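Residue numbers (this note's numbering), protein chains in the order written: chain A, 1 to 302; chain B, 1001 to 1338; chain C, 2001 to 2144.
Backbone N, C-alpha and C fix where the C-beta goes; we use that ideal spot for every residue, glycine too.
Fair warning: this is a prediction, and the values are worked out from it, not measured in the lab.
So the structure is just underneath, and the comments pick up after that.
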Amino acid sequence: MTQANLKLALGPLLFFWPREKVMTFYRAAIEWPLDTLYLGEVVCGRRQQLRSRDWVALAQELAGSGKEIVLSCQALIEGESDLKRLKVLVDNGELAIEANDLGAAKLARDHGLPFIAGPHLNIYNGETLAVLARLGARRWVAPLEMSRDMLAGILAAAPAPECEVFAWGRLPLALSARCFTARHFNLKKDSCEFRCMEHPDGLTLKTREGSDFLTINGIETMSGATQSLLPHLADMRASGVGRARISPQAEHCEEIVRTFAAVAAGQTGSDLSACAKGGLVDGYWRGQAGIVKLGETQNASA
Amino acid sequence: MPSNRTLPELVCPAGNLPALKAAVDNGADTVYLGLKNNTNARNFAGLNFDATSAREGIRYARERGRHVLLAINTYAQGADIGRWRAAIDEAADLGVDAVIVADIGLMDYAARRHPDLRLHMSVQGSATNYEAINLAHELFGIRRAVLPRVLTLDQVRHVIENTAVEIEVFGFGSLCVMVEGRCLLSSYATGESPNTHGVCSPARFVRWEHGAESLDARLNGILIDRYRKDEAAGYPTLCKGRFQVADDTYYALEEPTSLNVMEMLPQLIEIGVAAIKVEGRQRSPAYTAQVTRALREALDAAGREGSRFTVRPGWQQALAKVSEGQQQTLGAYSRPWK
Amino acid sequence: MQVPDLVLPPLVARIASRLPATPPSWLLVGLLNQLVRRQVLPADMSLLAGRRFEVRVLDAGISLRFTADEAGFRVDTIAETADLCFSANAADFARMMLREEDPDTLFFNRKLAIEGDTELGLIVKNLLDSVDWSNTPVGRFMAA
């Protein structure tokens, strides 16, 4: 049996860009060598350059291309207004959603809608995967902190549904009720002046010794470095991973996608280090701290 | 007018037998504990219970009419989850009053294997809305959910109004600023996180460097904070460090603070919270005793006095003293930063 | 019983620091070994074996140095940096041992300094916390 190439997905946009930039970005991206595009606001309910209905409309427009279009749901659902936005996505009636909360998985199940179990659903073992598959998950995204070895063990026992892995981008590490961008500008969250829009790749947080450490992105905290699993694409496929996720960034996105596509097809490509903010890391995949740089080993003091 | 609601259960932490006894002796209705392994989210060297000490603790609590909960609230890791299943089996065998579980795969196992074992959704399960809680209720029959420390009082009320599941909230302790169960900061820096290893910013990666003018706190070599001489220090939890963003050096994510809901107890009773939880299985019996005593008195007073309730200075002092960073906040319940 | 908030006068420290440190260390080690033998101190010696410890009572000017092996504790006579060092004033050590204060609280207040291997410090702290004094003759002195 010949193994199909690793498929490529463009993950949901995690930053806050102006509406025009978003529309331009996706109308270009639909032409790139991608199998899947995820659309929607995952991070913050205050980001309304595109409202839920606008995301659905854009998704329906792009679905005409024949590529798989998925509507991604907000990860932190705190109250009724968050649930209402979620219901608008679920009510689209045909396109799958990416559920990033158990509540979203429930609504998808209630509507008979297939869903992708997103990275925030914390699937760390086959039993949990089986529960979500019974609810209608047709694919799942592995937790960002999961190592290759652990994932391969799970996939050996549970080859279906298909598994997707976060392969490129600043890692979304944590969510909070608080907004750290607003905090930086001494603003309250409810009157944040939408400062996230001034930082299309987030705000870099450095240690007091000046080294890049994390990225502030509204209520989300991300890695300062960019995770790249480009050197591991063959290994990913061999481990049973079906799809690699590339997380959108403000610049170089097309070059990144085309390089991943070339490498997934067995060609050689650049290492993309010129396209990365904060340097390249791949520690999680290799069972180490996520911050460990490509090719290095952990400098644990332990 | 005093509330006619029943008082919420006071749920207190125990990292060892003396702490369990301190909690019971000082008025906890319920004590929660973990086993000595990575099946629980306070997996620290030398902490927690084995079968013998757990049995003795359960006996001690039962004889005094109190309940014991077992936290099995890390995510079962990988292809072989035997250790987590064994922990669930052990909980059933010990006869604890409920298990606190985050992983829905593990809930599925517990519900099938031990249908009489009461299930609580751990705060690590990240269930912040009633749809998520109701799904876990429908699938596994969970009886209680512990809410992450991200909701306002009104949002907590809204959850309670829309679910049959009991709702437990945090009342006091070191504040986790991120949504519990959805924070990978610790594994990004060290390779170990609450979800995977039951630890946050684990001690074996912590180094204190005493300089002439300052004390540096490092986590796996990363400078988390630098304290001046005599400046109050905190444990180098990643989210509570001081960092540089643009030209500012400050607590970019959160100051070292403790949550303290004491002044809000009448409202929590009024909206029908089933239980109020104290954080701190990693702290000492002295902490458990002091916090339990203060909250017991305050909760009883709030039940008697309703809207006339005022926080007594003695309680506040007791809690202020043991607080991390010596600061306290109402956290997400009131959102001064909103 | 409350430990008064008292700092030993500097004179005590000046005198004490000139005395040989070994006798107090012998006392401490003897006490620890008794507690282990009577199973009051539920110590997993494998976690402590081969490690060097130092307890500095700052206001008394005393430094107690000891080490551990699989069998128990011994006075440490080698002048190397300890793997773990606790420093505090006598009254704060007393509060910790009597469970009037949580070591974390003292640490946050900078009244207790911990240097060296942080995980070893946690092991020691958790070991002391897990002693159930109510099962021992000294228990009656520990009542809050």
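{"query": "7 angstroms Cβ cut-off: residues of chain C touching E1324(B)", "result": "F2108"}
{"query": "Given 8 angstroms, three or more beta-carbon pairs between the stretch 162 to 174 of chain A and the stretch 137 to 148 of chain A", "result": "yes"}
{"query": "Rounded separation between P143(A) and P1194(B) - CA only", "result": "13 angstroms"}
{"query": "CA nearest to the CA of S65(A), picked from K87(A), A29(A), N100(A)", "result": "A29(A)"}
{"query": "Bridge-paired residues (DSSP) for S228(A)", "result": "W168(A)"}
{"query": "Under 9 angstroms by beta carbon: chain B residues contacting F25(A)", "result": "Simply none; closest approach about 26 angstroms."}
{"query": "Beta-carbon neighbours of L1047(B), restricted to chain C and to distances below 7 angstroms", "result": "N2126"}
{"query": "Any chain B beta carbon closer than 8 angstroms to A2143(C)", "result": "Bear in mind that a pLDDT of 43 at A2143(C), under 50, signals an unreliable position, so the model cannot answer this."}
{"query": "8 angstroms Cβ cutoff, K1338(B) in contact with chain A", "result": "Bear in mind that the predicted position of K1338(B) carries a pLDDT of just 49, short of 50, making it unreliable; the figure below should be weighed with that in mind. Taking Cβ atoms only, chain A reaches closer than 8 angstroms to K1338(B), which makes this a yes."}
{"query": "Close beta carbons around L62(A), own chain, < 7 angstroms, minus the five adjacent residues each side", "result": "Y26, I30, L37, I69"}
{"query": "Where Y1250(B) falls, given that 16 or more other Cβ within 10 Å makes a residue buried", "result": "exposed"}
{"query": "8 angstroms Cβ cutoff, V2057(C) in contact with chain B", "result": "no"}
{"query": "For V1278(B), the three-state DSSP class (helix, strand or coil)", "result": "strand"}
{"query": "Alpha carbon of D235(A) to alpha carbon of D1216(B), nearest angstrom", "result": "40 angstroms"}
{"query": "Collapsed DSSP secondary structure at W17(A) in the structure displayed", "result": "coil"}
{"query": "S211(A) beta carbon less than 8 angstroms from that of L171(A)", "result": "no"}
{"query": "Own chain residues within Cβ distance below 7 angstroms of P114(A), not counting five before or after", "result": "A96, G136, R138"}
{"query": "Classification of G1191(B) by the beta-carbon crowding that lies within 10 angstroms, buried from 16 upward", "result": "buried"}
{"query": "Any C-beta of chain A under 8 angstroms from that of C1200(B)", "result": "no"}
{"query": "H1197(B) in three-state terms, based on DSSP", "result": "helix"}
{"query": "Alpha-carbon spacing of A2144(C) relative to R1293(B), whole angstroms", "result": "Its pLDDT being 39, under 50, A2144(C) is placed unreliably by the model, and nothing is read from it."}
{"query": "Delimiting residues of the alpha helix (DSSP H) encompassing A994(B)", "result": "Residue 994(B) is absent from the structure shown; chain B starts at 1001 and stops at 1338."}
{"query": "Beta-carbon proximity of A1332(B) to A177(A), cut-off 8 angstroms", "result": "yes"}
{"query": "CB contact check: G169(A) to chain E, cutoff 8 angstroms", "result": "The chain labelled as chain E is not found among the protein chains of the depicted structure, namely A, B and C."}
{"query": "Short CB-CB distance (under 8 angstroms) between S2046(C) and chain B", "result": "no"}
{"query": "Closer than 8 angstroms to chain A by CB, Y1333(B)", "result": "no"}
{"query": "Under the three-state DSSP convention, the category E1324(B) falls into", "result": "helix"}
{"query": "Terminal residues of the beta strand (DSSP E) in which P1013(B) lies", "result": "1009 to 1013"}
{"query": "is_contact[R178(A), chain B] using C-beta, thresh 8 angstroms", "result": "yes"}
{"query": "Runs of beta strand (DSSP E) wholly within the stretch 1216 to 1241 of chain B (minimum 3 residues, chain order)", "result": "1222 to 1228"}
{"query": "Beta carbon proximity, R2084(C) to chain B, threshold 8 angstroms", "result": "Sequence check: residue 2084(C) is Leu here, not Arg. No, L2084(C) does not count as interfacial toward chain B."}
{"query": "Euclidean distance between Cα positions of D1248(B) and D54(A)", "result": "37 angstroms"}
{"query": "N92(A) at chain B interface by Cβ criterion, 8 angstroms", "result": "no"}
{"query": "Chain-ordered neighbours of S1193(B) on chain A, where CB pairs are closer than 8 angstroms", "result": "E145"}
{"query": "Start and end residues, beta strand (DSSP E) containing H111(A)", "result": "Element bounds for H111(A): n/a, residue is neither H nor E."}
{"query": "Helix, strand or coil at G1306(B) according to DSSP, with G and I counted as helix", "result": "helix"}
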